[in-house]
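Enquirer: What follows is a single structure, and I will ask about it in a moment.
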Amino acid sequence: MICTSCNRDFDRKQLVDGLCQTCLKYFNEGGEINPLPEPGTIGYDNRGYVVCHICGKAYKKLGAHTYQMHDLLIKEYKELFGLCNNTKTTERTYSQTMRNYAYQYNMPEQLRITGANTRLKPGDTHLRLGKTLRLQEKMRLARMSRQNAQIRSRKGDFDNDER
Ligand SMILES: [Zn+2]
Ligand SMILES: [Zn+2]
Numbered sequence: 409m410i411c412t413s414c415n416r417d418f419d420r421k422q423l424v425d426g427l428c429q430t431c432l433k434y435f436n437e438g439g440e441i442n443p444l445p446e447p448g449t450i451g452y453d454n455r456g457y458v459v460c461h462i463c464g465k466a467y468k469k470l471g472a473h474t475y476q477m478h479d480l481l482i483k484e485y486k487e488l489f490g491l492c493n494n495t496k497t498t499e500r501t502y503s504q505t506m507r508n509y510a511y512q513y514n515m516p517e518q519l520r521i522t523g524a525n526t527r528l529k530p531g532d533t534h535l536r537l538g539k540t541l542r543l544q545e546k547m548r549l550a551r552m553s554r555q556n557a558q559i560r561s562r563k564g565d566f567d568n569d570e571r
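All you need for this note's numbering is the position in the sequence shown, starting with 1, plus 408.
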């Protein structure tokens with residue numbers, strides 16, 4: 409007997425209303441079949457879970473699902489659907505927390521470290537000082553525009569949620 413949701417073959421006794429245990433659990437936990445995200449983009453369901461490009465189900469961590477259900481390592485999956493290697497395929501709250509964490513702690517720390525390397529040493533010329541200042545100003549501007557873009561995209565997320 410085929411599970412009507414995931415099309416995998418099961419013993420008749422293992423199916424409930426045509427669904428396998430895995431699919432039954434998925435729907436019981438409030439999962440839905442979502443519209444497939446466009447290749448190259450990540451889609452989230454109403455719980456903030458990441459939508460699978462193959463079956464439309466959404467998971468907290470897509471990697472475990474693609475491996476179990478589609479025999480794809482997350483690396484292969486990303487390649488197949490035009491996603492960058494560093495694209496987050498974990499639920500939105502989780503990736504957002506990690507992203508915020510990176511911004512609040514790691515990024516300024518990173519900048520301090522970078523800054524330390526470019527900081528002037530005795531004997532450096534004024535020319536060098538000008539360059540360093542310009543670089544720091546550029547980094548500050550880049551940081552600001554990044555943050556603005558992030559605020560905008562986050563606002564967009566909320567707008568979407570309300571729809
Ligand atoms: Zn199933
Ligand atoms: Zn899937």
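Idealized CB from N, CA, C, for every residue including glycine.
At a threshold of 8 Å, does arginine 416 count as lining ligand 1 (C-beta to nearest heavy atom)?
Expert: Because some heavy atom of ligand 1 lies under 8 Å away, the Cβ of arginine 416 counts as near it: yes.
Enquirer: Can you tell me whether DSSP reads lysine 469 as helix, strand or coil?
Expert: Strand.
Enquirer: Lysine 465 and threonine 497: beta carbons closer than 9 Å?
Expert: Not a contact, by the Cβ cut-off of 9 Å.
Enquirer: Rounded to whole angstroms, what's the CA-CA distance from glutamate 487 to asparagine 493? Just pull it up for me.
Expert: Spanning the two alpha carbons is a distance of roughly 8 Å.
Enquirer: How would you label glutamate 499, buried or exposed, when you count the other beta carbons within 10 angstroms and need 16 or more for buried?
Expert: Glutamate 499 should be labelled buried.
Enquirer: Please look up how many angstroms separate the CB atoms of methionine 477 and cysteine 428, rounded, as I've assumed it's under 8 Å.
Expert: About 11 Å; that fails the 8 Å criterion.
Enquirer: At a threshold of 8 Å, does isoleucine 462 count as lining ligand 2 (C-beta to nearest heavy atom)?
Expert: Answer for isoleucine 462: yes, Cβ within range of ligand 2.
Enquirer: Do isoleucine 482 and cysteine 463 have their beta-carbon atoms positioned less than 9 Å apart in this structure?
Expert: No. Outside cutoff.
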